[in-house]
Amino acid sequence: MTSVAKRWWFWLIIVLAVAFIVIHIYLAIWVRDYVNRKLSEIPGYHAHVAAVTLHLWRGAYQIHNLDIKK
Numbered sequence: 904m905t906s907v908a909k910r911w912w913f914w915l916i917i918v919l920a921v922a923f924i925v926i927h928i929y930l931a932i933w934v935r936d937y938v939n940r941k942l943s944e945i946p947g948y949h950a951h952v953a954a955v956t957l958h959l960w961r962g963a964y965q966i967h968n969l970d971i972k973k
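Counting with the working numbering, you get residues 904 to 973 for the letters of the sequence shown.
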């Protein structure tokens, strides 16, 4: 019985880890698209963000290759 319980917890941890990684990747893509959408709404300027890196454990982010042209 303990062997079955250990396997159940193992697979639960694996599934949660994979779900966290997938959500983290899609969240970064969604944030990048959101920022680009908001920057494109600024009249008279053309702006683009190449990538956004999220650091969820410390509540921070990095914006890579911010390009703003008037």
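For every residue, glycine included, the Cβ atom is placed at its ideal position computed from N, Cα and C.
By the 10 Å Cβ neighbour count, where 16 or more other Cβ atoms means buried, how is residue i classified, buried or exposed?
i	result
V952	buried
Pull up the DSSP beta-bridge partners for residue i, would you.
i	result
I971	A950
Answer yes or no: do residue i and residue j have a C-beta to C-beta separation smaller than 8 Å?
i	j	result
Y948	I971	yes
L969	H927	no
L942	A931	no
(message) Three Cβ pairs or more, each shorter than 8 Å: is that satisfied between the segment 927-938 and the segment 946-964?
(response) yes
- Item | Continuous alpha helix (DSSP H) assignments of at least 4 residues falling wholly in the segment 907-942 | none
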